[in-house]
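Chemist:
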Amino acid sequence: MKEIALHILDIAQNSLAAGASEIRISVEEDLIADRLRLCVEDNGKGMDAQTLQQVVDPFTTSRTTRSVGLGIPLLKAAAEASGGELRIESTPGCGTRLVVAFQHSHIDRMPLGDLPGTLLALVVPNPQVRWQFRYNVTLPGVGEAHSFTFDSDEIVRVLGDIPLSDPDVLAFLRAHLTEGIAALQAECK
Amino acid sequence: MTTIKSLEDLKRVREEALAKRKMKTEAGGKRVIVGMGTCGIAAGARETMKAILNYIEKENLTGVVVTQTGCIGMCEREPIVQVETGEGSLVTYGRVTPEQAERIMREHVTGGKVVTDLVVPV
């Protein structure tokens with residue numbers, strides 16, 4: 001997986017599998033500190049210390065915990081290879097928070113990739129979850145971060161019983177996410 | 190430049206969708222399920238999902254629910270797409286590229302005819 005956006009899709013699957021009803025995703029491009037940070041936070045069932053250990057280490061993953069998979073160890077390796085790190089904190093019964101950081105300017109840092117595509121692929125098939133997304137860019141010489149935010153709760157509330165996979169709703173979501181993210185990136189050029 | 194879609198736009202979308210739904214008799218609950226485990230994602234499931242959503246948007250297809258599942262134990266056949274039609278039958282397709290996803294949407298979901306050459310035995 002050569003895109004941060006694809007890893008977001010992968011990490012969020014763990015939150016879904018943990019039965020989360022709220023998933024918060026934040027992407028922060030901090031050009032002052034030269035960091036790119038990604039955080040995925042959920043209110044799912046969480047993990048105990050032993051499981052947490054297994055999640056980040058592919059070699060202790062046994063057959064019975066196979067669902068843990070390779071996604072996170074590979075992301076951790078990619079982060080560490082580009083001047084960053086990956087941390088997971090979890091409380092059984094409360095939720096999990098994964099933070100991964102990269103050196104923004106590092107030559108090996110993977111690109112952000114298709115963020116609107118990932119969000120669409122998460123939000124539409126999982127309308128039972130409240131998805132909150134925040135994308136920040138902090139530029140040198142500017143006090144405040146530019147940001148784009150998305151909250152599926154607002155969307156679902158307006159729509160009522162119209163499903164997210166309605167063609168007109170899909171067109172709306174696609175335009176909203178694509179234009180919002182592109183506008184932020186254009187602002188920060 | 191186009192303006193960013195607002196919640197006001199969304200309210201209008203809702204009104205239009207409601208009106209359209211009234212004109213239509215219920216489409217009979219079709220479900221399209223995409224495998225989104227690490228294996229699926231690594232094999233290109235996001236692009237397959239995008240192709241399905243694009244098709245719905247482009248063809249103005251209502252009454253289709255798109256959902257997802259995790260790894261179902263056939264990682265080598267990912268991306269996997271399953272189609273469930275009103276009659277309660279579940280058909281599993283394997284190695285579904287975006288182009289093949291479009292074909293499944295056209296021939297099976299819309300046309301009601303199973304795309305036999307892409308079916309995997311479960």
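Keeping their order, the protein sequence lines are chains H and X. If you're matching positions, the first sequence starts at 1 in the working numbering and goes up one per residue. If you're matching positions, the second sequence starts at 190 in the working numbering and goes up one per residue. Cβ atoms here follow ideal geometry from the backbone N, Cα and C, with glycine treated the same way. Just so it is clear, the structure is predicted and the values come from calculations on it, not from any experiment.
(1) Sort out for me which residues DSSP pairs Ser152 of chain H with in a bridge.
(2) In chain order, what residues of the same chain have a beta carbon less than 7 Å from the beta carbon of Cys264 of chain X, not counting five sequence neighbours either side?
(3) Spatial neighbours of Gly117 of chain H within its chain, please: CB distance less than 8 Å, with the 5 preceding and 5 following residues excluded, ordered by chain position.
(4) In this structure, does DSSP put Gln289 of chain X in helix, strand or coil?
(5) What residue does the alpha helix (DSSP H) around Asn243 of chain X start on, and which one ends it?
(6) Tell me, please, which residues DSSP counts as bridged to Thr281 of chain X.
(7) Considering Leu16 of chain H, what are the terminal residues of the alpha helix (DSSP H) in which it resides?
(8) Straight-line CA distance for Thr281 of chain X to Val142 of chain H?
(9) Go to Asp168 of chain H, then tell me how far its alpha helix (DSSP H) extends in each direction, as first and last residue.
(10) With a threshold of 8 Å, are at least 3 pairs of Cβ atoms found where one atom belongs to the segment 182–189 of chain H and the other to the segment 194–209 of chain X?
(11) Assign Pro310 of chain X to buried or exposed, taking buried as 16 or more other Cβ atoms, counted over all protein chains shown, within 10 Å of its Cβ.
(12) Have a look at H:Pro111, H:Pro140, H:Asp161, H:Arg134 and flag the residue whose alpha-carbon is nearest the alpha-carbon of Met1 of chain H.
(13) Is the separation between the beta-carbon of Val223 of chain X and that of Met238 of chain X shorter than 9 Å?
(14) Measure the CB-CB distance between Ser105 of chain H and Asp34 of chain H and report whether it falls below 9 Å.
(15) Secondary structure at Gly224 of chain X, three-state DSSP: helix, strand or coil?
(16) Measuring alpha carbon to alpha carbon, tell me which residue in H:Gln128, H:Asn43, H:Phe133, H:Asn126 is nearest Gly93 of chain H.
(17) Can you tell which of H:Pro140, H:Arg134, H:Ile155 has its C-alpha closest to the C-alpha of Ser147 of chain H?
(18) By the criterion of Cβ-Cβ separation under 8 Å, what are the contact partners of Met1 of chain H in chain A?
(19) Is Phe41 of chain H buried or exposed, if buried means 16 or more other CB atoms sit within 10 Å of its CB?
(20) Just curious, the alpha helix (DSSP H) that Glu80 of chain H is in, first and last residue?
(21) Using CA atoms only, rank isn't needed, just tell me which of X:Lys209, X:Ala232, X:Thr299, X:Ile230 is closest to Glu273 of chain X.
(22) If you run the structure through DSSP and keep just helix, strand and coil, what is Lys219 of chain X?
(23) When you compare the CB positions of Leu70 of chain H and Leu86 of chain H, do they come within less than 9 Å of one another, or not?
(24) State the DSSP-derived secondary structure class of Ala101 of chain H, mapped to helix, strand or coil.
(25) State the start and end residues of the unbroken alpha helix (DSSP H) segment that holds Thr51 of chain H.
(26) Just to confirm before moving on: does the CB-CB distance between Leu303 of chain X and Gln271 of chain X stay below 9 Å?
(27) Using DSSP with H/G/I as helix, E/B as strand and the rest coil, what is Leu112 of chain H?
(28) Looking only at C-alpha atoms, which of H:Thr149, H:Asn136, H:Asp166 sits nearest to Val124 of chain H?
(29) Going by CA-CA distance only, name the one from H:Val137, H:Lys189, H:Ala121 that's closest to Leu173 of chain H.
(30) Which residues in the same chain as Cys260 of chain X place their Cβ atom closer than 6 Å to its Cβ, once the five residues preceding and following it in sequence are excluded?
Modeler: To lay it out plainly:
(1) Residue mapping note: residue 152 of chain H aligns to position 152 of the first sequence, counting from 1. DSSP lists no partner for Ser152 of chain H.
(2) Locating residue 264 of chain X in the second sequence gives position 75, where the first residue counts as 1. Sequence-distant Cβ neighbours of Cys264 of chain X in its own chain, meaning closer than 7 Å and more than five residues away, are Cys228.
(3) Indexing the first sequence from 1 puts residue 117 of chain H at position 117. Cβ neighbours of Gly117 of chain H beyond the five flanking positions: Ala5.
(4) As a first step, residue 289 of chain X is located in the second sequence; it is residue number 100 there, counting from the start. Note: Gln289 of chain X maps to helix in three-state DSSP.
(5) Numbered from its first residue, the second sequence carries residue 243 of chain X at position 54. 234–248 is the extent of the alpha helix (DSSP H) around Asn243 of chain X.
(6) Against the second sequence, residue 281 of chain X aligns to sequence position 92. Beta-bridge partners assigned by DSSP to Thr281 of chain X: X:Gln271.
(7) Indexing the first sequence from 1 puts residue 16 of chain H at position 16. Residues 4–17.
(8) Looking up residue 281 of chain X in the second sequence gives position 92. Looking up residue 142 of chain H in the first sequence gives position 142. Computed Cα separation, rounded: 52 Å.
(9) By 1-based counting over the first sequence, the position of residue 168 of chain H is 168. Boundaries of the alpha helix (DSSP H) around Asp168 of chain H: 167–187.
(10) Contact fails between the segment 182–189 of chain H and the segment 194–209 of chain X, because fewer than three Cβ pairs, one in each stretch, are under 8 Å apart.
(11) Counting from one through the second sequence, the residue named residue 310 of chain X turns up at place 121. With fewer than 16 other Cβ atoms within 10 Å, it is exposed.
(12) Position 1 of the first sequence holds residue 1 of chain H. Answer by Cα proximity: H:Pro111.
(13) Taking the first residue of the second sequence as position 1, residue 223 of chain X is located at position 34. Taking the first residue of the second sequence as position 1, residue 238 of chain X is located at position 49. The answer is yes: Cβ separation under 9 Å.
(14) Taking the first residue of the first sequence as 1, we reach residue 105 of chain H at position 105. Taking the first residue of the first sequence as 1, we reach residue 34 of chain H at position 34. Yes, Cβ-Cβ distance for Ser105 of chain H and Asp34 of chain H is below 9 Å.
(15) In the second sequence, counting from the first residue as 1, residue 224 of chain X sits at position 35. DSSP places Gly224 of chain X in the strand class (E or B) of the three-state scheme.
(16) What you label residue 93 of chain H is simply residue 93 of the first sequence in a count that begins at 1. Checking every option, the nearest Cα to that of Gly93 of chain H belongs to H:Asn43.
(17) Taking the first residue of the first sequence as position 1, residue 147 of chain H is located at position 147. Checking every option, the nearest Cα to that of Ser147 of chain H belongs to H:Arg134.
(18) Annotation note: the requested chain A is absent from the structure, which comprises protein chains H and X.
(19) Position 41 of the first sequence holds residue 41 of chain H. With the sequence shown as reference, residue 41 of chain H is identified as Glu, and Phe is not the correct amino acid for it. When all chains shown are included, Glu41 of chain H counts as buried.
(20) Taking the first residue of the first sequence as 1, we reach residue 80 of chain H at position 80. Per DSSP, Glu80 of chain H belongs to the alpha helix (DSSP H) from 71–81.
(21) Start at 1 with the first residue of the second sequence, and residue 273 of chain X comes out as number 84. The candidate whose alpha carbon is nearest that of Glu273 of chain X is X:Thr299.
(22) For the purposes of this step, residue 219 of chain X is identified with residue 30 of the second sequence, where counting begins at 1. Three-state DSSP puts Lys219 of chain X in a strand.
(23) Position 70 of the first sequence, counting from 1, holds the residue named residue 70 of chain H. Position 86 of the first sequence, counting from 1, holds the residue named residue 86 of chain H. No, they are not a contact pair.
(24) Position 101 of the first sequence holds residue 101 of chain H. If DSSP states are grouped into helix, strand and coil, Ala101 of chain H belongs with the strands.
(25) As a working note, residue 51 of chain H is residue 51 in the first sequence. Per DSSP, Thr51 of chain H belongs to the alpha helix (DSSP H) from 49–56.
(26) For this step, residue 303 of chain X is matched to residue 114 along the second sequence. For this step, residue 271 of chain X is matched to residue 82 along the second sequence. Reading off the sequence shown, one finds Val at residue 303 of chain X, where the question assumed Leu. No Cβ-Cβ contact shorter than 9 Å links Val303 of chain X with Gln271 of chain X.
(27) Taking the first sequence and counting its residues from 1, the one referred to as residue 112 of chain H is at position 112. Here DSSP, grouped into helix, strand and coil, assigns Leu112 of chain H to coil.
(28) Reading the first sequence from its first residue, position 124 is the one you call residue 124 of chain H. Measuring from the Cα of Val124 of chain H, the nearest candidate turns out to be H:Asp166.
(29) On the first sequence, position 173 is the one that residue 173 of chain H refers to. Taking only the C-alpha atoms, the option nearest Leu173 of chain H is H:Ala121.
(30) One-based indexing of the second sequence puts residue 260 of chain X at position 71. Non-local beta-carbon contacts of Cys260 of chain X in its own chain, meaning distances under 6 Å to residues more than five positions away in sequence, involve Gly226, Cys228 in chain order.
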